[in-house]
Structures are given as structure tokens and as C-alpha cells.
Amino acid sequence: MSVRSACLALALAAGAGITAAPPASAAQSAAADTRVVFPASVQQGAMVIGRVPPGSRVTHAGRTLRVTGYGSVVFGVARDQAGPVEVRVQRPDGRVETVAVRVDARDWPVERVGGLPPKTVSPPKAVAERIAREQARVAEARTRDEARAGFAEHFTWPVEGRISGRFGNHRVYNGTPGAPHSGMDIAAATGTPVRAPASGIVSFADDLYLTGGTVVLDHGHGVSSNFLHLSRMDVEPGTEVRQGEVIGAVGATGRATGPHLHWGMNWFDVRIDPLLVLERR
Ligand SMILES: [Zn+2]
Numbered sequence: 000m001s002v003r004s005a006c007l008a009l010a011l012a013a014g015a016g017i018t019a020a021p022p023a024s025a026a027q028s029a030a031a032d033t034r035v036v037f038p039a040s041v042q043q044g045a046m047v048i049g050r051v052p053p054g055s056r057v058t059h060a061g062r063t064l065r066v067t068g069y070g071s072v073v074f075g076v077a078r079d080q081a082g083p084v085e086v087r088v089q090r091p092d093g094r095v096e097t098v099a100v101r102v103d104a105r106d107w108p109v110e111r112v113g114g115l116p117p118k119t120v121s122p123p124k125a126v127a128e129r130i131a132r133e134q135a136r137v138a139e140a141r142t143r144d145e146a147r148a149g150f151a152e153h154f155t156w157p158v159e160g161r162i163s164g165r166f167g168n169h170r171v172y173n174g175t176p177g178a179p180h181s182g183m184d185i186a187a188a189t190g191t192p193v194r195a196p197a198s199g200i201v202s203f204a205d206d207l208y209l210t211g212g213t214v215v216l217d218h219g220h221g222v223s224s225n226f227l228h229l230s231r232m233d234v235e236p237g238t239e240v241r242q243g244e245v246i247g248a249v250g251a252t253g254r255a256t257g258p259h260l261h262w263g264m265n266w267f268d269v270r271i272d273p274l275l276v277l278e279r280r
């Protein structure tokens with residue numbers, strides 16, 4: 000399938016830091032370049048990669064999407080998205096096409112998390128400001144829109160282990176309802192190396208009150224991963240990371256009941272489900 004090979008070719012080119020040249024098969028796939036291709040349906044929390052004629056202007060959810068030289072675009076579907084989402088594609092020749100992608104609803108079970116240090120569930124007033132300040136810094140890191148194509152790689156697990164918490168589940172902390180779980184928890188021992196699930200550039204790395212050792216990896220086009228509760232961080236902002244490279248180690252820092260990796264993903268401020276990204280292909 001030409002869409003897949005195009006994505007991978009560009010990803011490899013970006014990873015190697017070279018300018019993407021037209022592939023040898025460009026002539027063969029020229030006909031396909033005029034098509035607009037999006038999945039007919041996705042699940043809540045999905046990362047959606049589509050294909051448009053290169054040079055198109057693509058808008059979705061009030062944003063103009065960055066388009067790769069091969070015509071790949073990406074956006075995320077929120078956990079609570081009800082009903083279809085629309086993508087507007089203006090081709091280089093000016094013709095406009097509007098594509099609707101159906102969104103299938105999911106069930107969100109309740110997860111009860113007990114035994115947390117009370118100060119992390121209801122932080123004392125003195126640290127509330129610190130938490131807000133730290134979360135604003137992480138939010139800022141997620142506003143980037145870089146021309147890199149790590150998002151199009153075939154994502155791999157950052158650590159191997161049992162899934163101990165799923166994306167989107169309702170969370171009750173020490174009996175108090177909290178926000179839905181923003182990522183996926185993978186059980187692993189403290190010190191287990193955490194590997195980049197796809198290439199990117201580190202946009203944030205610091206030790207935070209709620210999330211402990213926190214690394215954000217920018218995969219391009221607004222797609223980012225965050226890795227929380229790390230016992231060790233081996234990267235700093237600006238570090239270029241390739242898929243599979245070690246970025247830190249599993250820990251239990253911040254609000255955590257025990258050692259595990261929390262892996263979250265975003266499309267800008269929209270949280271998406273890493274498990275769906277792993278299962279994309
Ligand atoms: Zn978690």
C-alpha cells in the first residue's frame with residue numbers, strides 16, 4: 000500500500016536528518032497522489048493519519064494541519080468526542096472536499112486507586128501554585144507544531160509489561176473522583192529502561208510534583224508522548240531521539256502507588272490513547 004510506504008520512507012528520511020527526495024517509485028504512485036484518504040471510522044482517543052495531495056490546505060477542529068511532502072496529515076480524536084469529525088481539504092487546484100470520519104464510542108470502566116499519599120490527592124495550598132505552574136509548562140511543550148514525521152512510524156512499546164491502567168478510564172483516587180486516566184500504565188520494575196516508542200525531539204524534561212520525573216517527546220505535527228514517574232531521565236530538552244533509544248528509567252516518583260511507566264500521548268492538547276497508536280497497523 001503506497002500510503003504506508005510513503006509514511007515510512009519519510010519517517011526514515013527525517014530520522015536520518017536528510018532532506019526527503021522523491022522515492023524511486025514516485026512515478027508509479029503519482030496517480031495515488033491526487034486522492035484524499037482517511038479512515039471511514041475510528042475510536043474515541045484515536046490518532047488519525049490521512050493522505051491528501053501534497054500542497055493541499057487541510058483544516059480540522061479550527062486548526063490548519065501541517066502536510067508532509069508526501070501528503071500525510073495527522074490529528075487526534077478526543078476521548079469524549081461524540082459523533083463524526085470533519086476534515087476540510089483544499090486541493091492545490093482550489094477544489095474543496097470535506098471528509099467525515101465516524102467516531103465509535105467506547106466504554107470507560109471505573110478504576111479505583113487507593114493508598115496514595117494524601118498530599119498528592121489534595122495538595123496543600125502552598126503547592127497548588129507550583130502544580131499549576133508546572134502543568135502550564137508541560138502544556139506549553141504540547142503547542143509545538145514541528146515538521147518531523149515520527150508520528151508516522153510504527154510505534155513500539157516503551158517498556159514491556161502488563162497494562163496496569165488503561166487510557167480514559169474513570170479514576171477514583173483514595174475514594175475521591177478524579178480526572179479520567181490520561182494515558183496508559185505499564186507495570187515494570189524501578190530502573191527498567193524506557194525506550195522512545197517513535198523518534199522525536201525532547202520538548203520537556205524535569206522533575207514535577209504530581210508526575211515526578213517527566214519527559215515529553217515531540218513526534219511532529221503536534222503529536223507528543225509523555226513519560227511520567229521516571230526514576231531517571233537520560234535526556235534533556237533539545238535531545239534528538241530515535242525510536243528504541245533509552246530516554247530514562249521506570250520509577251514511582253510523583254503521584255504513583257508503585258513503580259510503573261505512565262505513557263500518555265497528545266495531539267496538541269487533545270489526549271489520545273497510546274494503545275490505539277500501537278495497534279494502528
Ligand atoms: Zn497513569
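Numbering that gives the first Met the number 0 numbers the first residue of the sequence shown as 0 and each following residue consecutively.
C-beta: ideal position from N, C-alpha, C; glycine also.
Inter-residue spacing [alpha-carbon to alpha-carbon] between residue i and residue j
i      : j      : result
Asp103 : Gly263 : 21 Å
His259 : Pro179 : 18 Å
Ala131 : Lys124 : 11 Å
Ser220 : Ala127 : With the sequence shown as reference, residue 220 is identified as His, and Ser is not the correct amino acid for it. Whole-angstrom Cα-Cα distance: 32 Å.
His169 : Tyr69  : 39 Å
Val57  : Arg65  : 8 Å
Val62  : Val84  : It is Arg, not Val, that sits at residue 62 in the sequence shown. Roughly 13 Å between the two C-alpha positions.
Pro116 : Ser181 : 20 Å
Gly211 : Asp79  : 27 Å
Val201 : Arg279 : 23 Å
Gly82  : Gln43  : 10 Å
Ala255 : Val240 : 26 Å
Arg136 : Asn265 : 15 Å
Ser223 : Val36  : 23 Å
Ser163 : Pro176 : 19 Å
Asp144 : Asp92  : 25 Å
Gln134 : Thr142 : 13 Å
Ala138 : Glu159 : 28 Å
Arg284 : Arg129 : Because the chain spans 0 through 280 in this model, residue 284 falls outside it and cannot be assessed.
Ala20  : Ala146 : Here Ala20 scores only 39 on pLDDT, less than 50, and its place in the model should not be relied on; the value that follows carries that caveat. Each residue's Cα considered, the two are about 15 Å apart.
Gly49  : Trp107 : 27 Å
Phe257 : Arg111 : Note on residue identity: the sequence assigns Gly, not Phe, to residue 257. Their Cα atoms are separated by approximately 14 Å.
Pro122 : Val234 : 29 Å
Gly232 : His261 : One detail in the question is off: residue 232 reads as Met in this sequence, not Gly. Taking the straight line from one Cα to the other gives about 14 Å.
Ala251 : Glu152 : 29 Å
Proximity below 9 Å, CB of residue i to CB of residue j
i      : j      : result
Thr238 : Phe226 : no
Arg308 : Gly243 : No answer is possible for residue 308: the residues shown for the chain start at 0 and end at 280.
Phe74  : Val215 : no
His228 : Gly199 : no
His218 : Phe150 : yes
Gly72  : Val86  : Residue identity check: residue 72 is Val in the sequence provided, not Gly. Yes, the Cβ-Cβ distance between Val72 and Val86 is below 9 Å.
Ala196 : Trp156 : Note that residue 196 is Pro in the sequence shown, not Ala. Yes, the Cβ-Cβ distance between Pro196 and Trp156 is below 9 Å.
Ile271 : Val76  : yes
Ala148 : Thr67  : yes
Arg105 : Thr33  : no
Gly174 : Gly113 : yes
Val273 : Phe154 : With the sequence shown as reference, residue 273 is identified as Pro, and Val is not the correct amino acid for it. A contact, by the Cβ cut-off of 9 Å.
Contact belief for residue i with residue j at Cβ below 8 Å, rounded distance in angstroms
i      : j      : result
Gly190 : Ser230 : 6 Å
Val41  : Val100 : 6 Å
Met46  : Leu277 : Rounded, the Cβ-Cβ distance is 10 Å, inconsistent with contact.
Val120 : Tyr172 : 5 Å
Phe203 : Pro236 : 6 Å
Listed by chain order, which residues have C-beta atoms less than 6 Å from any heavy atom of ligand 1?
-> Gly164, His180, Gly182, Asp184, His261
Is there contact here, the segment 173–188 with the segment 200–208, by at least three beta-carbon pairs under 8 Å?
-> no
Looking at C-beta atoms only, is the number of pairs between the segment 230–247 and the segment 52–60 that lie closer than 8 Å three or more?
-> no
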